[in-house]
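Here is the structure we will look at.
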Amino acid sequence: MIARRSVLKGIGVGMGALALPSLARGQAAAHVVVVGGGFGGATAARYLRRGNPDLRVTLVEADERFVTCPFSNLYLGGLRDLDSITHGYDDLRAAGVEVVHARAEGVDAAARTVTLSDGSQLAWDRLVLSPGIDIRWGALAGYDEAAAALAPHAWKAGPQTQLLHDQLRAMEDGGTFVMVLPEGPFRCPPGPYERASMVAHYFTTEKPRSKILILDSQERFSKQPLFQQGWEALYPGMIEWVSQSDDGLVVEVDAAAREAVTGFGERHKADVLNVIPPQKAGAIAEAAGVTDETGWVPVRGDRFESALVPGIYVLGDATIANPMPKSGFSANTQGKVAAAAIIAELAGREPPTASFANTCYSLIGPGYGISVAGVYAADGGTVIEIEGSGGVSPLEVGPEFRRAEAEYGAGWYASICADIWGTRA
Amino acid sequence: MARPPRIWISNDTPALGEIVRVRAQIVHVMESGFRMDANGDPIPPNLLTGFTATLDDRLLMEWLPETAISQNPYIEFTFAARASGTLRMVWTDESGVVAEAGQEIAVG
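Protein chains in written order, with this note's numbering: chain A, -17 to 407; chain B, 33 to 140.
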């Protein structure tokens, strides 16, 4: 009798303990779903696992291989092959991240689920969206998906980049490469001008009678004096930049005729036409209800959680994070801040103090690099730049300085790709 | 003035009632008066304060640019072509007319 009573008592105590909700939660690992395997999402997935190996982390990414926008201009310039800017997910799998190759198509924030293109559903405790940009098709008259097959944007790296590369190779010497640039905000503020530089490098080596015409919706641009100094030094007379007030604003594109029409009626005929169109946050952000009327995603700057839907964190180009630019490096540091905040929050702690950094290297020619850098913090919910923290490369320096910055840029790319995808050069 | 205003008009021989689109841009510094020069002294304001578009003596639109307007202001507007006449656009600052531009409109 005595033995049986103590056994029953023991069972009673055990069941009582299991029924305690706090203990039950503590025993089941929380599940974080990360959508998007680029600079922001792949960073968050890795650092979530690194910060708490008990977390279950699923990375949802449509493509099995990721081609980076950073350094894709070097591919256009003939300085890199596509393989060297393409990354896989095996190293993330080895770090314990479950990688699912599917497209995320819907988010139910109340039920905390995400629906994938294969029809399956994933339940999450926290959701991270790092969807990059989507094109605002039709926002520029004449520029839709069919037009992009003739006049590539190449502003999402991959087949579009290859198309532009091949068109430039097929162009005859003496042709004109026309670039149409959007109003901000857009992905990678110095990117268009690095692209012009890299194409100028290719033309100078292979097609020296060719010209580059940049039709800009902006009045000035990132690192402008440095770019213009570099163009003058390396490619004198090859690149013409037309500002918005000089009738650079393009209002219509005829992709079949390879023509760009400006606001004041000038028709520019191109041999190769590159249209970098107006952009917005990647589609899943809108489906999740985290975008505002601008098409971008407002976030709490101290953790990169959506300002509109709690529990959903958003990273990178899709977010409104200025003064941080839309860059891969920005997304990388935002991914680390969000991962630390999620780990802390799931453990019932306050997130650590946020700190961000960014450097944008641009290559004007082989051995000729420039940069802009900044360090950022959060002031309440807003991202702010730390005064005096960064800056741009000096104008009055010799070739050794530019050569060193070109090397730092290559080093930056190698180290950030090792950090994110585990790619070893 | 660095150069005359740039103007573009969708159709200067519109049908009666056709919506005509106009684009106009002027080169102007639009100095707000809020900035300091290298010595820390305030840069005096230099702002456009008015813009009007008329068709003969009929006012089509009036705009009052202020400090928040960027340099080289660009404006785009539409009007319904109800009569022929001279489309006249005038940019002003506090001391008077800065620039003007005109275009004959013949409603067919």
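All C-beta atoms, glycine included, are put in the ideal place defined by N, C-alpha and C.
{"Query": "CB of L104 of chain A within 8 Å of CB of L98 of chain A, strictly", "Result": "yes"}
{"Query": "Whole-number beta carbon distance between L122 of chain A and V17 of chain A, since they are thought to touch under 8 Å", "Result": "Going by Cβ atoms, the distance from V17 of chain A to L122 of chain A rounds to 28 Å, so no, they are not a contact pair."}
{"Query": "Members of the stretch 90 to 106 of chain B that neighbour chain A once the beta carbon cut-off is set at 8 Å", "Result": "S102, Q103, N104 and Y106"}
{"Query": "Own chain residues within Cβ distance below 8 Å of G78 of chain A, not counting five before or after", "Result": "R31, P35 and V39"}
{"Query": "Beta-carbon proximity of V139 of chain B to A113 of chain B, cut-off 8 Å", "Result": "yes"}
{"Query": "Buried or exposed (CB count within 10 angstroms, at least 16 for buried), K138 of chain A", "Result": "buried"}
{"Query": "Whole-Å CB distance - M68 of chain B paired with Q103 of chain B, under 8 Å assumed", "Result": "That belief does not hold up - the Cβ atoms of M68 of chain B and Q103 of chain B are roughly 17 Å apart, past 8 Å."}
{"Query": "C-beta neighbour in chain A for Q57 of chain B, strict 8 Å", "Result": "yes"}
{"Query": "Stretch-stretch touch, CB-based, cutoff 8 Å, three pairs: the stretch 273 to 283 of chain A with the stretch 88 to 96 of chain A", "Result": "no"}
{"Query": "Proximity of V279 of chain A and T301 of chain A at Cβ, strictly below 8 Å", "Result": "yes"}
{"Query": "Exposed unless 16 or more other CB atoms sit within 10 angstroms - verdict on P305 of chain A", "Result": "exposed"}
{"Query": "Which of helix, strand or coil DSSP assigns to Q206 of chain A", "Result": "helix"}
{"Query": "Unbroken beta strand (DSSP E) run spanning V399 of chain A, endpoints", "Result": "The sequence as given places Cys at residue 399 of chain A; Val does not occur at that position. Where C399 of chain A is concerned, there is no enclosing beta strand (DSSP E), although the alpha helix (DSSP H) it sits in stretches over P381 to W403."}
{"Query": "Minimum Cβ-Cβ distance from E201 of chain A to chain B less than 8 Å", "Result": "yes"}
{"Query": "is_contact[R53 of chain B, chain A] using C-beta, thresh 8 Å", "Result": "no"}
{"Query": "Delimiting residues of the beta strand (DSSP E) encompassing I13 of chain A", "Result": "Here the sequence assigns His to residue 13 of chain A, which means Ile is not the residue at that position. From DSSP, the beta strand (DSSP E) with H13 of chain A extends over H13 to V17."}
{"Query": "I75 of chain B classed as buried or exposed, judged by whether at least 16 other C-beta atoms fall within 10 angstroms", "Result": "exposed"}
{"Query": "Where the beta strand (DSSP E) through S353 of chain A begins and ends", "Result": "Y350 to D361"}
{"Query": "Per-residue burial, R282 of chain A [other beta carbons within 10 Å of its own, 16 or more giving buried]", "Result": "buried"}
{"Query": "Short CB-CB distance (under 8 Å) between A246 of chain A and chain B", "Result": "Residue 246 of chain A is actually Phe in this sequence, not Ala. Chain B contact via Cβ: present."}
{"Query": "Whole-angstrom distance between D88 of chain B and A339 of chain A, CA atom to CA atom", "Result": "58 Å"}
{"Query": "Selection of the stretch 216 to 232 of chain A by Cβ proximity to chain B, strictly under 8 Å", "Result": "Q226, S227, D229 and L231"}
{"Query": "Completely contained alpha helix (DSSP H) runs for the stretch 243 to 311 of chain A, where each covers 4 or more residues", "Result": "265 to 269"}
{"Query": "Contacting residues, own chain, Cβ-Cβ under 6 Å from T45 of chain B (five flanking each side not counted)", "Result": "A138 and G140"}
{"Query": "Cβ-Cβ distance between L163 of chain A and V254 of chain A below 8 Å", "Result": "no"}
{"Query": "8 Å Cβ cutoff, W123 of chain B in contact with chain A", "Result": "no"}
{"Query": "Close-in-space but distant-in-sequence residues of the same chain around P97 of chain B (CB under 8 Å, 5 per side omitted)", "Result": "M62, L79, L80, T81, G82, F83 and P105"}
{"Query": "L5 of chain A versus G293 of chain A - alpha carbon distance", "Result": "Low local confidence applies: a pLDDT of 39 at L5 of chain A is under 50, so the model's placement there is unreliable, and no value is given."}
{"Query": "Which of helix, strand or coil DSSP assigns to V79 of chain A", "Result": "coil"}
{"Query": "Residues near D229 of chain A by beta carbon distance below 7 Å, same chain, minus five either side", "Result": "T244, G245, F246 and E248"}
{"Query": "Bridge partners - H69 of chain A, DSSP secondary structure assignment", "Result": "A:F48"}
{"Query": "Assumed close pair A182 of chain A, Y217 of chain A - CB separation to whole angstroms, cut-off 8 Å", "Result": "4 Å"}
{"Query": "Helix, strand or coil at V52 of chain B according to DSSP, with G and I counted as helix", "Result": "strand"}
{"Query": "Assigned exposure category for V49 of chain A - 16 Cβ within 10 Å defines buried", "Result": "buried"}
{"Query": "Rounded separation between H60 of chain B and A84 of chain A - CA only", "Result": "52 Å"}
{"Query": "Nearest-angstrom Cβ-Cβ length linking E165 of chain A and S199 of chain A, presumed shorter than 8 Å", "Result": "4 Å"}
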